[in-house]
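Structure first, then comments.
Residue numbers (the working numbering): 5 to 667.
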């Protein structure tokens with residue numbers, strides 16, 4: 005997005021968050037900036053942070069929001085995930101592994117298959133991005149509570165504050181943390197009773213915050229229903245089979261499940277989904293009875309996946325449960341690799357452990373080539389089950405062979421083979437997950453040569469991490485300190501290259517084909533909005549005839565314009581209503597999405613429109629009684645009566661926009 009006043013085609017959520025950030029610069033708690041006078045029931049801590057950053061820097065809000073805010077928050081998230089992993093493993097290199105998994109949106113899939121729930125970040129969701137470092141802080145505090153012999157008052161205060169912050173940052177965070185606490189409590193009841201009182205205390209805090217969050221962010225649950233396996237309907241395999249995502253069904257189970265072959269397809273999709281998280285398999289090593297931290301992290305991940313499969317929201321927002329929960333699996337995987345290394349090194353020596361690690365990591369490219377070849381290109385509906393079956397069965401057979409080999413080696417007295425094989429498999433799945441399957445979201449192969457780049461960079465990461473930990477043999481001729489420093493520099497450069505290349509490919513995949521010009525907010529419109537921001541008071545209310553993304557106001561349009569309140573940074577009496585609770589509740593009525601539902605208060609809409617189309621002293625006075633001071637009229641949205649200039653003061657004109665001040 006170019007900075008205003010440039011012409012842009014905005015993603016609706018970006019405008020919505022920009023307007024909310026402006027609202028939080030004048031009111032806490034906020035009103036709905038697109039519907040003045042209505043209390044905002046949603047999580048808004050990320051927008052408050054944007055507002056605070058704008059205040060402290062003195063910079064323009066769009067500059068902060070579009071250019072400066074997200075990068076340091078993502079960097080903080082990476083650092084917190086690193087810190088949690090280091091806390092668990094008491095080493096640094098597992099933290100690097102976890103940070104890489106976070107930055108690369110780790111997943112294991114055949115080339116054509118793409119499923120949601122693997123990326124912790126959302127480019128158009130500041131609340132999701134902001135919740136990640138707070139979630140990491142909560143995990144860090146919970147690990148202290150589980151591990152420390154004595155937990156001081158400061159630790160408890162930090163835990164409560166981090167949980168409270170998480171609840172205000174994203175309403176989906178505390179429920180998945182609650183799942184982790186419940187699993188840890190269940191294990192403690194069986195194998196570690198001294199930790200039960202602490203976990204009960206944490207459970208109580210989480211339950212209180214879940215209720216508190218439900219009251220304060222009631223709007224975040226709008227449009228949410230219980231529908232088993234609902235998220236599967238948006239997956240590529242289900243769309244290929246049914247030809248539709250069935251977005252309007254409110255049945256208690258996935259629509260279309262009674263179709264021929266659907267149960268088998270559902271099973272294959274779920275297995276493929278689970279296989280996508282295979283990089284977390286090393287975390288099995290961390291599941292111990294004396295340290296409940298591993299169970300906590302696993303419970304968070306399982307809770308997120310369960311919520312994603314049990315709930316349905318009209319905008320697919322149930323995926324955010326897993327997007328937050330996956331953050332707990334990154335430290336679990338890094339910590340598990342560290343424990344697997346310890347087991348292999350103690351049974352066979354560091355040299356053998358290093359060789360098996362390199363064999364596992366080096367085998368990842370070959371595994372991916374075989375897997376993708378067997379899975380084949382995007383199949384037709386007839387070939388769908390076969391493609392998925394090959395994609396699931398082949399890795400499953402490899403895993404069975406390795407498990408069998410480990411069991412046989414233990415019974416034959418060669419106990420070192422089991423830990424070494426597990427370590428090799430751990431590095432194999434982690435390295436394979438760091439090599440992206442395709443340009444995200446399009447299911448197309450990577451550009452020529454790109455896969456080679458990722459394979460090389462991924463191997464450099466693994467080698468750099470291992471060499472930085474163990475040094476190099478003396479016969480290599482390099483002093484150990486020099487080799488260690490060089491390895492760390494190499495590791496850092498490789499990490500940056502991996503994350504930057506992945507981000508670049510994602511941005512490329514997000515470049516949409518040419519869209520209708522009506523979606524574009526022009527320079528003239530943006531300039532007019534910015535003029536109003538500069539010449540009005542922060543608490544002023546604006547009435548506008550702009551309601552629809554395609555500008556022209558027509559029945560059942562996509563009511564997600566949002567740009568007037570965002571770019572003027574002022575409350576609108578009535579701009580767009582697609583994200584209101586009533587619109588979400590009516591999702592599917594008349595076969596239309598929530599964004600195309602009519603406004604819940606037709607009298608207010610009629611009054612607003614009459615002020616532009618047929619202004620009278622009475623209807624303008626009615627607007628003024630509702631706090632309106634300015635009229636923002638866009639002729640592309642609808643007709644603007646010439647009489648308006650007689651009844652209100654025309655103060656600015658820019659292209660299709662005329663701005664009036666009520667007398």
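Just so you know, even glycine gets a beta-carbon here, dropped at the ideal spot from N, CA and C. Everything numeric in this text was worked out from a predicted model, so none of it was measured.
Check, Outcome
"Please report how far the alpha carbon of residue 275 lies from the alpha carbon of residue 378, in whole angstroms.", "17 Å"
"Examine the Cβ distances between the segment 610 to 629 and the segment 63 to 81 and report whether three or more of them are shorter than 8 Å.", "no"
"Beta-carbon separation of residue 392 and residue 241 under 8 Å?", "yes"
"May I ask which residues mark the beginning and end of the alpha helix (DSSP H) holding residue 214?", "200 to 220"
"According to DSSP, which residues form a beta bridge with residue 634?", "546 and 665"
"Is the beta carbon of residue 580 closer than 8 Å to that of residue 596?", "no"
"Please classify residue 59 as buried or exposed, where buried requires at least 16 other C-beta atoms within 10 Å of its C-beta.", "exposed"
"Report back the beta-carbon spacing between residue 136 and residue 81 to the nearest angstrom; my notes put them in contact at under 8 Å.", "4 Å"
"So is residue 144 buried or exposed if we call it buried at 16+ other beta carbons inside 10 Å?", "buried"
"Give a yes or no on contact between the segment 300 to 319 and the segment 346 to 363, applying the rule of three or more CB pairs nearer than 8 Å.", "no"
"Just mark residue 556 as buried or exposed, buried being the case when its beta carbon has 16 or more other beta carbons within 10 Å.", "exposed"
"Would you call the CB atoms of residue 648 and residue 619 closer than 8 Å?", "yes"
"Within 10 Å of its beta-carbon, does residue 267 have 16 or more other beta-carbons around it, so buried, or fewer, so exposed?", "exposed"
"Check the C-beta distance from residue 119 over to residue 380 and give it rounded, since I have them as a contact under 8 Å.", "So it is not a contact: roughly 17 Å between Cβ atoms."
"Take residue 645 as the anchor and find which of 163, 663 and 185 has the nearest alpha-carbon.", "663"
"Which residues mark the beginning and the end of the alpha helix (DSSP H) in which residue 336 is found?", "323 to 352"
"Enumerated in chain order, which unbroken segments of the alpha helix (DSSP H) with a length of 4 residues or greater are wholly contained in the segment 581 to 627?", "585 to 589 and 606 to 617"
"Take the Cβ of residue 278 as the centre, count every other Cβ of all protein chains shown within 10 Å, and call the residue buried at 16 or more, exposed below.", "exposed"
"Determine the DSSP secondary structure at residue 658, reduced to helix, strand or coil.", "strand"
"Should residue 423 and residue 347 be called a contact, given that it needs their Cβ atoms to be closer than 8 Å?", "yes"
"Could you round the C-beta distance between residue 133 and residue 122 to whole angstroms and report it? I think they count as a contact, below 8 Å.", "That pair is no contact at about 16 Å."
"Between the alpha carbons of residue 534 and residue 83, how many angstroms are there, rounded?", "37 Å"
"Taking 8 Å as the cut-off, decide whether the C-beta atoms of residue 179 and residue 209 are in contact.", "no"
"What does DSSP give as the partner residues of residue 176 in its beta bridges?", "According to DSSP, which records beta bridges pairwise, residue 176 is partnered with nothing at all."
"If we ignore side chains and look at the alpha-carbon of each, how far apart do residue 218 and residue 45 end up?", "9 Å"
"Within this structure, are the beta carbons of residue 99 and residue 138 separated by less than 8 Å?", "no"
"Just the C-alpha distance for residue 382 and residue 177, rounded to the nearest angstrom, thanks.", "34 Å"
"By Cβ distance below 8 Å, which residues in the same chain neighbour residue 545 in space, the five residues on each side in sequence not counted?", "40, 574, 575, 576, 577, 630, 631, 632, 633 and 634"
"What are the residues that DSSP puts in a beta bridge with residue 42?", "According to DSSP, which records beta bridges pairwise, residue 42 is partnered with nothing at all."
"Pair every Cβ in the segment 147 to 164 with every Cβ in the segment 16 to 23, then say whether three or more of these pairs are closer than 8 Å.", "no"
"Can you tell me where the alpha helix (DSSP H) with residue 243 in it begins and where it stops?", "240 to 246"
"Please name the residue, chosen from 622, 591 and 550, that lies closest to residue 666 on a Cα-to-Cα basis.", "622"
"Between 429, 106, 68 and 332, which lies nearest to residue 8 when the distance is taken from Cα to Cα?", "68"
"On the criterion of 16 or more Cβ atoms from any shown chain inside 10 Å, does residue 262 qualify as buried, or is it exposed?", "exposed"
"For the alpha helix (DSSP H) holding residue 78, just list the boundary residues, first then last.", "74 to 93"
"Does DSSP put residue 315 in a helix, a strand or coil?", "strand"
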